Each structure stands twice: as structure tokens, then as C-alpha cells.
Amino acid sequence: MVLKKRKSFIKKGNRPIVHIKFTRNDYISESLSIIAFLAMWLLTFYAIVIASLPDTIPIHFNLKGTPDGYGKKLNLLITPLVSTVIYIGMTIINRYPHLFNYPVKINEKNAVEQYLLATRIIRLIKLVIMLLFFIIEFFIIKSVLYNRPFVAFWFVLIIPAFFYVLFIFYILRSIKVK
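Residues in the sequence shown are numbered from 9 upward in steps of one, following this note's numbering.
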């Protein structure tokens, strides 16, 4: 079994606390998140320190992908810094599934399944966010180095759609596990 219980169930408030052991898929998701996170930092370091970027670079793009905002090349650090806060925050939050909000009432019968589902969806969201930030950073740097427009239109449509699919899947699965 993938679950490790401490003294069967420990209750905090009305919800049991269950410690969930990582599965193979959880390790894969976490590993991919770390790889995307580190790749973003390496790419940013390369762009700022090694590549000969101009002092002023495009930092904002319209839907056509043409730059409509400019800033210093150190602005490239914003994306990795924000992703660091998000990565650490989501990693810490994921250790306390008994504090999450759920679409169903949590009790001793459904706690294990609900917590497992919730922690997995948080890991997937973290992975998507790290990939999203890496892609944004990559295309910004690419647009500067190769003087090409940022491909933004598909990006603006696909990413929110992916998050909606994740949330709908989670809610439907959570209600089914009820």
C-alpha cells in the first residue's frame, strides 16, 4: 500500500491527518518540476551573464508576439524569482492536505483517497507552472537573441485551457471518490 499512517488516524479539528508516501508517478512529477525549475534558472543565468544581450530588452508582448514593453535585462530574473516562491510554497503546502478545501466532506473513510488526489493535483499544477515559466523565459530570451517575435496567441489559449481541464478532472474525480 502506498500510504503510511501514523497511529492510524490523528485528528486535527474534524479532519484526520494521514501521511501519504510518494508513488512512482509522484517522484516523476516532482523530478520534472525540479528539472524545469533548474533549467529556467540556468537559462536565465546564461542569458544575463554569458550571452551578449543588450541592456534594454523586450519584457512584454502583445497577442501578435511583438514587443510592447521594454526593460533592463535584469528583469529576466523576475520569472525565476517568482517561480522559486511558488515552487517552495506549493511544496510546503502539499505536506498539509488536511488543511485544503475539498468539494466533499472529509472523514476517516474518504480522507486517504481525497488527500492522495489533492496532493497529486497540486504536484501537477506545480509542474505545469514550472514548465509555463520556463517556456515564457525561453521565448523572451529567444526573441532577444534571434530578434523574432514571441509566439503568444496559442500560448494565451492553451495554458488556461490546460488549467481548466486539470481542475475539472480534480473536481469530478473528487466527487466520484466521495
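We put the beta carbon where it would ideally sit given N, CA and C, even for glycine. From a predicted model like this one, the values you see are computed outputs, not experimental measurements.
Judged by beta-carbon spacing, Thr52 lies within the 8 Å limit of Leu84, meaning their Cβ atoms are closer than that value. Around the Cβ of Tyr123, a 10 Å sphere holds 16 or more other Cβ atoms; the residue is buried. Contact check for Ile148 against Ile67 passes: the beta carbons are separated by less than 8 Å. Rounded to the nearest whole angstrom, the CA to CA distance from Ile65 to Ile25 is 49 Å. In this structure, DSSP gives Tyr178 a helical state, which the three-state scheme calls helix. Around the CB of Tyr35, fewer than 16 other CB atoms lie within 10 Å, so the residue is classed as exposed.
Note that the stretch 123 to 133 does not touch the stretch 44 to 62; fewer than 3 beta-carbon pairs, one per stretch, sit closer than 8 Å. Membership of Phe69 in the beta strand (DSSP E) is indicated by the continuous run 64 to 69. Only buried fits Val152, as 16 or more other CB atoms lie within 10 angstroms of its CB.
Its Cα nearest to that of Val120, the residue Ser182 stands out among Phe69, Phe177, Ser182. Per DSSP, Arg128 lies in no beta strand (DSSP E); the unbroken alpha helix (DSSP H) holding it starts and ends at 119 to 154. The Cβ-Cβ distance between Ser37 and Met138 does not fall below 8 Å.
As computed with DSSP, Lys29 is found in no beta bridge at all.
Going by DSSP, Tyr78 is part of the beta strand (DSSP E) stretching over 75 to 80.
Rounded to the nearest whole angstrom, the CA to CA distance from Trp49 to Leu71 is 26 Å. Around the beta carbon of Leu107, fewer than 16 other beta carbons sit within 10 angstroms, so the residue counts as exposed.
Of Tyr110, Lys150, Arg156, the smallest CA-CA separation from Lys186 is found for Tyr110.
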